[in-house]
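Undergrad:
Protein chains in written order, with full-length UniProt numbering: chain W, 1 to 451; chain G, 1 to 451.
See below:
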């Protein structure tokens, strides 16, 4: 795949060099827009506008959407007003709105000036919804039908409006007040009799969302209900837009990235890594590093408190990393399992006791296994005394139990209290478990070794 | 939402109690299949078959697909042969194949006996492909057209075959040898002239996958190319099936869950948490806990090696957890960022030097910030000597640098070597960084404090 791509890139560069634009165009029109955009990102700033102009109007618009915002900006600056107008009016309005959110103010003005009045009105409609809401990711280009229409009427209307609609897979039926009252799939329309009335064949039970609904909830509804389109209604139940499945997938991927970042103690950013400045990366990472560093002070305090015990048994220090790491890993396993279960709605707060009971049993098993193997190692390889081995293995066992319970309970409580359970992932749990494991360690050591 | 649901559940239970089945049916047919399935999972084993029989045939099949395998099994055992036949033949074949993979052997036999011969042939076709391949998630029910057909012919054919096809949003065009030569969307068909030939309006550049392609790659193609359907071809380019976007979304979510699990040092399992036995959970978690526990032994060895130094400066022990945790967190931030970037194809191996350079700069900034704040804390709160504070802060700074570089380089190398970079996530990086940070700590301490 990568090799095919390298060859393709070479061919394209040669054709540009030779100014064989007709042949270049013949190659480009066989490629999917996402691949053309990837290729364009490797061209020189000079040849990009040249090559972009070779694309037919619709392919140009589709490719433009797939490009990153720096390249879009560069292209727009080279566009004549007529060219800009052609691209903007060819875009679906949700893509046009997304473009405007990325561009600097002067470019935004130019884009809106070139958009035809209806497009401009629709773009502004989408832009007024809060970021990350259903309204902000919907498109206002859709086909709506009326209940009294016949199938033949409906197909006629679709043929009139369909070119501008982002999808016609689902056609929504509205009443006199533009309220959503049903849905009919294009498949049903095609299979129905020409003279059937829409009200007879439409499905009256339509899953829909409010404009203000969070985009993550919207994306999850696509997964739950196996949708390809989802209608968006306002507070009065009036149909104002549709969300398409491709945008839902993008949202799912964004939200997954955010979860990964939060789990690694990073404040999420929207920009791709290579486009983010060092200072921005630093800003997204330093707050949690600081908080966690300062929390680790408590762990240090525990060690200081037992300084005398450690002086007598310096040997005990050597096992601190092993105990802390194993505790941290055991806790992360439980917390990540619970966090993911909550995110997929497989787990709920009412399952708390079942989860705690399950984790407790797993902890007993895992703790016993680790302690047993460690005991063998301590006695035969490290050759510590029986008492020291006992202290370490008992601590290990209890640490695993405490870690698993902490790991499963904290995310559940966070969710219940209205926080994102993801922040209760590894770094946070590790810090808590570190302190607890050391407390257990020294408490047991002072008791059993009599120090 | 949860409240509406509780009320609904109460209503349903009352209606069952009162045997008001007609009213119950009226409520159920207004609900999406996924919601009916969720409600059914809360009914008693006795009332479930009773209520299930109220559903109209198509809704029954759609609801059946959304239920978990235990409930499906329970229902099938209560089905008469005629009922089983009705459900099985109403299912799309990919769903029927997925069902068969979940059921015990005797149930599988019964299902295949009740399926009509064509359905049985198609199910067996899907079952022969390896797990997690494109072939195993595709459906063989699709509409294929021929290039010489007119639009009117095509629509006629769709009307004949469409009822059994999982989607008609994209219709694929094949030649005499069943090879895929083009695609035409239902939208293009509807908007085209009745007498146009398919070869004139079809798109010849079709993104397709081989039956053997990995399902994760398939799912990512939906995201990249904004698809709702993707055709699957065999080694000779013959069209054998289609994958629909709802299945692609399921794959994306499964793969994301696997990544989360691997990042938390868990061997991925397919079953939902509450359905997994304690022993299975233990088995999926213990291998990595063991490996990581044994790796932590090296960290212990480092401490043992510097035992004399620690005896002189027991104080130094108190800062071990803070140094280890900060190192681990810094490393995880870098590794998770890189791993996610690789997974989304935003980063590639050829970006290695850009990434290392960026992480190095971030490390310098973050290390300096943390060291400075820690210095103030050490001098004013902990009141250690200037030299000790210097040792700790210098170690902290170097640890952050080493951790960030380890965190970004290891996943890239793993990917290059053909491993899944996800295994280079937090637990692994933490173990390496722990050892490195202690080596730095003691090396600097012995040099500067002269012990």
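For every residue, glycine included, the Cβ atom is placed at its ideal position computed from N, Cα and C.
Report the three-state DSSP secondary structure of residue 225 of chain W (helix, strand or coil).
TA: On the first chain, position 225 is the one that residue 225 of chain W refers to. Three-state DSSP puts residue 225 of chain W in a helix.
Undergrad: Give the residues of chain G in contact with residue 307 of chain W, contact being defined as C-beta atoms less than 9 angstroms apart.
TA: Against the first chain, residue 307 of chain W aligns to sequence position 307. Correct list: 314, 315, 317 and 318.
Undergrad: Does the Cβ-Cβ distance between residue 292 of chain G and residue 325 of chain W come in under 8 angstroms?
TA: Start at 1 with the first residue of the second chain, and residue 292 of chain G comes out as number 292. Start at 1 with the first residue of the first chain, and residue 325 of chain W comes out as number 325. Contact flag set, yes.
Undergrad: Let me know the secondary structure DSSP gives residue 231 of chain G once reduced to three states.
TA: Taking the first residue of the second chain as position 1, residue 231 of chain G is located at position 231. In the structure shown, residue 231 of chain G sits in a strand (DSSP, three-state: E or B).
Undergrad: Using a C-beta to C-beta distance shorter than 9 angstroms, which residues of chain G count as neighbours of residue 352 of chain W?
TA: Locating residue 352 of chain W in the first chain gives position 352, where the first residue counts as 1. By Cβ distance, chain G contributes nothing, its closest Cβ being about 12 angstroms from residue 352 of chain W, past 9 angstroms.
Undergrad: Looking at C-beta atoms only, is the number of pairs between the segment 130-149 of chain G and the segment 241-259 of chain G that lie closer than 8 angstroms three or more?
TA: Output reads yes: the segment 241-259 of chain G touches the segment 130-149 of chain G.
Undergrad: Is the segment 394-409 of chain G touching the segment 286-306 of chain G in the sense that three or more CB pairs, one from each, lie closer than 8 angstroms?
TA: Flag = no, the segment 286-306 of chain G and the segment 394-409 of chain G do not touch.
Undergrad: For residue 413 of chain G, is the classification buried or exposed, using 16 other Cβ atoms within 10 angstroms of its Cβ as the cut-off for buried?
TA: Within the second chain, residue 413 of chain G is the residue found at index 413, counting from 1. Answer is exposed; the Cβ neighbour count stays below 16.
Undergrad: How far does the alpha helix (DSSP H) with residue 326 of chain W in it reach, from first residue to last?
TA: Along the first chain, read from residue 1 onward, the residue named residue 326 of chain W stands at position 326. Run containing residue 326 of chain W: 320-343, per the alpha helix (DSSP H) assignment.
Undergrad: Using the Cα positions of residue 257 of chain G and residue 337 of chain W, report the straight-line distance between them to the nearest angstrom.
TA: Walking along the second chain from the start, residue 257 of chain G turns up at place 257. Walking along the first chain from the start, residue 337 of chain W turns up at place 337. If you take the alpha carbons of residue 257 of chain G and residue 337 of chain W, they lie about 9 angstroms apart.
Undergrad: Would you report the Cα separation of residue 158 of chain G and residue 222 of chain W, rounded to the nearest angstrom?
TA: Numbered from its first residue, the second chain carries residue 158 of chain G at position 158. Numbered from its first residue, the first chain carries residue 222 of chain W at position 222. One C-alpha to the other measures close to 26 angstroms.
Undergrad: Under the rule that 16 or more other beta-carbon atoms within 10 Å means buried, what is residue 387 of chain W, buried or exposed?
TA: Counting from 1 along the first chain, the entry for residue 387 of chain W is found at position 387. Answer is exposed; the Cβ neighbour count stays below 16.
Undergrad: Taking the CB atoms as reference points, tell me whether residue 307 of chain W and residue 334 of chain W lie closer together than 8 angstroms.
TA: Within the first chain, residue 307 of chain W is the residue found at index 307, counting from 1. Within the first chain, residue 334 of chain W is the residue found at index 334, counting from 1. Contact: no.
Undergrad: Could you have a look at residue 456 of chain G and say whether DSSP puts it in helix, strand or coil?
TA: What the structure shows of chain G is the stretch from 1 to 451, and residue 456 of chain G is not part of that stretch, so it cannot be assessed.
Undergrad: Could you list which residues in chain G have their beta carbon closer than 8 angstroms to that of residue 265 of chain W, in chain order?
TA: Counted from its first residue, the first chain places residue 265 of chain W at position 265. Those within 8 angstroms of residue 265 of chain W in chain G are 329, 332 and 333.
Undergrad: Suppose the cutoff is 6 angstroms on Cβ atoms and the five residues either side in sequence are ignored; what does the same chain contact list for residue 228 of chain G look like?
TA: By 1-based counting over the second chain, the position of residue 228 of chain G is 228. Excluding sequence neighbours, residue 228 of chain G sits near 169 and 245.
Undergrad: With distances taken from CA atoms, which of W:209, W:131 and W:177 is nearest residue 270 of chain W?
TA: Here residue 270 of chain W refers to the residue found at position 270 when the first chain is read from its first residue. For residue 270 of chain W, the nearest C-alpha among the options comes from W:131.
Undergrad: Thinking C-alpha only, which one of G:236, G:382 and G:273 is nearest residue 319 of chain G?
TA: Taking the second chain and counting its residues from 1, one reaches residue 319 of chain G at position 319. Answer by Cα proximity: G:382.
Undergrad: Can you confirm whether the segment 57-70 of chain G touches the segment 27-39 of chain G when touching is taken to mean that 3 or more C-beta pairs between the two stretches lie within less than 8 angstroms?
TA: Contact between the segment 27-39 of chain G and the segment 57-70 of chain G is present, because at least three Cβ pairs lie under 8 angstroms.
Undergrad: Assuming residue 133 of chain W and residue 215 of chain W form a contact by the criterion Cβ under 8 angstroms, report the distance between their Cβ atoms to the nearest whole angstrom.
TA: Within the first chain, residue 133 of chain W is the residue found at index 133, counting from 1. Within the first chain, residue 215 of chain W is the residue found at index 215, counting from 1. Their Cβ separation, rounded to whole angstroms, is 6 angstroms, which keeps residue 133 of chain W and residue 215 of chain W in contact under 8 angstroms.
Undergrad: When you compare the CB of residue 108 of chain W with every CB in chain G, is at least one pair closer than 8 angstroms?
TA: Sequence index remark: in the first chain, residue 108 of chain W carries index 108 (1-based). Not closer than 8 angstroms to any Cβ of chain G, the Cβ of residue 108 of chain W fails to qualify, so no.
Undergrad: Skipping 5 residues on each side, what residues in its chain have a beta carbon closer than 6 angstroms to that of residue 212 of chain W?
TA: Taking the first chain and counting its residues from 1, the one referred to as residue 212 of chain W is at position 212. Cβ within range, chain order: 133.
Undergrad: So what's residue 172 of chain W in DSSP terms, helix, strand or just coil?
TA: Residue 172 of chain W sits at position 172 when you count from the first residue of the first chain. In this structure, residue 172 of chain W counts as strand in the three-state DSSP scheme.
Undergrad: Given that a residue counts as buried once 16 or more other Cβ atoms are within 10 Å of its Cβ, and exposed if not, what is residue 2 of chain G?
TA: Here residue 2 of chain G refers to the residue found at position 2 when the second chain is read from its first residue. Unreliable positioning characterises residue 2 of chain G in this predicted model, as indicated by a pLDDT of 49, which lies under 50. The coordinate reading is nonetheless provided below. Label assigned to residue 2 of chain G: exposed.
Undergrad: Count the CB pairs spanning the segment 429-449 of chain W and the segment 387-399 of chain W that are closer than 8 angstroms, and state whether there are at least three.
TA: Verdict: yes, contact present.
Undergrad: Under a three-way DSSP split, which group does residue 157 of chain G fall into?
TA: As a first step, residue 157 of chain G must be located in the second chain, where it is residue number 157. Reduced to three states, the DSSP call for residue 157 of chain G is helix.
Undergrad: Please list the partners that residue 300 of chain G has in chain W, where partner means a Cβ-to-Cβ separation under 7 angstroms.
TA: Translated into the one-based positions of the second chain, residue 300 of chain G becomes position 300. Result: 318, 319, 321 and 322.
Undergrad: In chain W, which residues lie less than 9 angstroms from residue 162 of chain G when you measure between Cβ atoms?
TA: Within the second chain, residue 162 of chain G is the residue found at index 162, counting from 1. By Cβ distance, chain W contributes 187, 190 and 191.
Undergrad: Along the segment 85-97 of chain W, where does the CB come closer than 8 angstroms to a CB of chain G? Name the residues.
TA: Within the segment 85-97 of chain W, no residue has a Cβ that lies closer than 8 angstroms to any Cβ of chain G.
Undergrad: Give me the chain G residues within the contact set of residue 132 of chain W, using Cβ-Cβ distance strictly less than 7 angstroms, ordered along the chain.
TA: Taking the first residue of the first chain as position 1, residue 132 of chain W is located at position 132. Chain G residues near residue 132 of chain W: none, gap ~19 angstroms exceeds 7 angstroms.
Undergrad: Whole angstroms is fine: what's the gap from residue 126 of chain W's alpha carbon to residue 217 of chain W's?
TA: Numbered from 1 along the first chain, position 126 holds the residue referred to as residue 126 of chain W. Numbered from 1 along the first chain, position 217 holds the residue referred to as residue 217 of chain W. If I take the Cα positions, the gap works out to 18 angstroms.
Undergrad: Just the chain W side, please: which residues come within less than 7 angstroms of residue 175 of chain G by C-beta, in chain order?
TA: The residue given as residue 175 of chain G occupies position 175 in the second chain. Neighbours of residue 175 of chain G on chain W: none; closest Cβ ~18 angstroms, over 7 angstroms.
Undergrad: For a test of the three-state rule: what should DSSP assign to residue 241 of chain G, helix, strand or coil?
TA: As a working note, residue 241 of chain G is residue 241 in the second chain. In the structure shown, residue 241 of chain G sits in a strand (DSSP, three-state: E or B).
Undergrad: Compute the Euclidean distance between the alpha carbons of residue 410 of chain W and residue 420 of chain G, then round it to the nearest angstrom.
TA: Here residue 410 of chain W is taken as the residue at index 410 of the first chain, counted from 1. Here residue 420 of chain G is taken as the residue at index 420 of the second chain, counted from 1. Each residue's Cα considered, the two are about 30 angstroms apart.
Undergrad: Does the distance from the CB of residue 119 of chain W to the CB of residue 151 of chain W come in under 8 angstroms?
TA: As a working note, residue 119 of chain W is residue 119 in the first chain. As a working note, residue 151 of chain W is residue 151 in the first chain. Against a cut-off of 8 angstroms, the Cβ pair of residue 151 of chain W and residue 119 of chain W comes out as no contact.
Undergrad: Can you tell me the Cβ-Cβ gap for residue 162 of chain G and residue 191 of chain W, rounded? I've got them flagged as a contact below 8 angstroms.
TA: Along the second chain, one-based indexing puts residue 162 of chain G at 162. Along the first chain, one-based indexing puts residue 191 of chain W at 191. Between residue 191 of chain W and residue 162 of chain G the Cβ distance is about 5 angstroms, and since that is below 8 angstroms, they are a contact.
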